[in-house]
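A.B. asks:
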Amino acid sequence: MKLKACRQHATLIVRKDNFIMTSTNVVIVGAGHMGSAIALGLRRSNSFLSITVIESNPIRRNEIITAGIPSLECLSDPLLSDVLILAIPPQTFLEFSKRTPQLEQYPGVIISVMAGINIAELKSRLKNSKICRAIPNLPCAINEGVTALICAPRLSKDNKGLINNLFSTLGTYFHVKDENLIDDATAIIGGGPAYICYFATALIEYAQSVGFESKSAFLMTTKILQGTAALLEINQEPPEKLCQQVMTPKGTTELAINHFDKKHVRATIISGLKQSSRRSKILGGRT
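If you want the working numbering, it's the 1-based position in the sequence shown plus 695.
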């Protein structure tokens, strides 16, 4: 399935196909939460894809191995892979680039999922122009993620096709034309699951406080989120419309929403997103 929806700055490409070249060798540097999620999602979607995770932390490395994915301590010969995914903390990128001068000769595609480090910086430090930036999120681990992409201008059509195929297996992806939007995507996409879980925690805490068992509180909260997301996706209508449908005039839900508005909850959320986006720029040395 392929659906395109054009916007001023972005083209949304919803893909659920699982086609990917079986000969593709992928090396993921970093087994933190995002690196691990990508590795798990790729393994789930294509058992013939060759995946290796580089992780110096022995505990994380063992966790990856236990999950059935090969993991090594050091990046010994990256030139043998087709795709190199950098999932390391942005604060460690400078040191990483100094330790990997061989990437100047790397023939494959380098994909960075690091917040803040822009394409110009990646090209300058790695001495390589086959660069793509990606901002995925943790649901990639179960192939339900969403990823924002921007590729270096001279990346070949075949390279872009490979990148698209990789991220289509992890869920939904879209390309942006303005790299500045990647910082905002970091705030929205990367942090999105945390914001949803923050709200879910409030629902669960309230449910438990009024007498629901913890299992019931968790179940109804997750099903509320799941059902609402499915309804929004199927109807393709603004969330505000669904909100109005639930808010009976002078009813219980309207009272709660009005209380949120008086406390400036929506404005506070937007302000937090701006702070997150600003932090992404700072991590990349841009203020």
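From the three backbone atoms N, C-alpha and C, an ideal C-beta is built for every residue, glycine too. Note that the structure is predicted; figures quoted are calculated from it, not measured.
Measure the beta-carbon distance from Cys846 to Ile858 and round it to whole angstroms, keeping in mind my assumption that it falls under 8 Å.
C.D. replies: Indeed, because the Cβ distance is near 7 Å, the residues count as touching under 8 Å.
A.B. asks: Can you tell me which of the three DSSP states Gly840 falls into?
C.D. replies: If DSSP states are grouped into helix, strand and coil, Gly840 belongs with the strands.
A.B. asks: Check this for me: beta carbons of Ser975 and Gly811, under 8 Å apart or not?
C.D. replies: Result yes, Cβ atoms of Ser975 and Gly811 sit closer than 8 Å.
A.B. asks: In the DSSP assignment, find the unbroken beta strand (DSSP E) run with Leu781 in it and report its ends.
C.D. replies: Segment Val778 to Leu781, the beta strand (DSSP E) holding Leu781.
A.B. asks: With respect to the beta strand (DSSP E) encompassing Ile806, which residues constitute its N-terminal and C-terminal limits?
C.D. replies: First-last of the beta strand (DSSP E) with Ile806: Val804 to Ser807.
A.B. asks: Nearest to Ala726 by alpha carbon, out of Arg738, Ile759 and Ser718?
C.D. replies: Checked all of Arg738, Ile759 and Ser718; the closest Cα to Ala726 is Ile759.
A.B. asks: Which whole runs of the alpha helix (DSSP H) in the segment 822 to 875 are 4 residues long or more, in chain order?
C.D. replies: Runs of the alpha helix (DSSP H) inside the segment 822 to 875: 852 to 863.
A.B. asks: Looking at C-beta atoms only, is the number of pairs between the segment 962 to 981 and the segment 881 to 892 that lie closer than 8 Å three or more?
C.D. replies: In short, these stretches touch, since the Cβ pair count reaches three.
A.B. asks: Using the Cα positions of Lys918 and Ile977, report the straight-line distance between them to the nearest angstrom.
C.D. replies: Rounded to the nearest angstrom, the two C-alpha atoms are 37 Å apart.
A.B. asks: Which residue wins for smallest C-alpha separation from Arg828, given the options Glu949, His728 and Val778?
C.D. replies: Comparing Cα positions, the closest option is Val778.
A.B. asks: By how many angstroms is the C-alpha of Thr947 removed from the C-alpha of Val1055?
C.D. replies: Limits of the chain in this structure are 696 at one end and 982 at the other, which puts residue 1055 out of reach.
A.B. asks: Secondary structure at Asn720, three-state DSSP: helix, strand or coil?
C.D. replies: The answer is strand: DSSP assigns Asn720 an E or B state.
A.B. asks: Would you decide whether Thr864 is buried or exposed? Buried here means 16 or more other CB atoms lie within 10 Å of its CB.
C.D. replies: Thr864 comes out buried.
A.B. asks: Would the beta-carbon of Gly736 fall within 8 Å of that of Ser776?
C.D. replies: No, Cβ-Cβ distance for Gly736 and Ser776 is not below 8 Å.
A.B. asks: State yes or no: is the C-beta of Ala895 within less than 8 Å of the C-beta of Leu920?
C.D. replies: In this structure, Leu920 lies closer than 8 Å to Ala895 by Cβ.
A.B. asks: Could you give the DSSP three-state label for Ile746: helix, strand or coil?
C.D. replies: The answer is strand: DSSP assigns Ile746 an E or B state.
A.B. asks: Is Ser909 helix, strand or coil by DSSP?
C.D. replies: Ser909: helix per DSSP, three-state reduction.
A.B. asks: What does Ser766 pair with, by DSSP beta-bridge criteria?
C.D. replies: Val748, per the DSSP bridge assignment.
A.B. asks: Under a three-way DSSP split, which group does Tyr893 fall into?
C.D. replies: The answer is helix: DSSP assigns Tyr893 an H, G or I state.
A.B. asks: Would the beta-carbon of Ile899 fall within 8 Å of that of Thr916?
C.D. replies: Going by C-beta atoms, Ile899 is nearer than 8 Å to Thr916.
A.B. asks: Going by beta carbon distance, what residues of the same chain come within less than 6 Å of Ser745, once the five residues before and after it are set aside?
C.D. replies: Closer than 6 Å at Cβ, skipping near neighbours: Asn720.
A.B. asks: Could you pull out every residue in the same chain whose Cβ sits closer than 6 Å to the Cβ of Lys818, ignoring the five residues on either side in sequence?
C.D. replies: Cβ neighbours of Lys818 beyond the five flanking positions: Ser824 and Ile826.
A.B. asks: For the alpha helix (DSSP H) that His959 lies in, which residues bound it at each end?
C.D. replies: His959 -> no alpha helix (DSSP H), and no H or E assigned at all.
A.B. asks: Below 8 Å between beta carbons: does that hold for Arg738 and Asn838?
C.D. replies: Their beta carbons are not under 8 Å apart, which means Arg738 does not touch Asn838 by this criterion.
A.B. asks: With 16 other CB atoms within 10 Å as the buried threshold, where does Ser904 fall?
C.D. replies: Ser904 should be labelled exposed.
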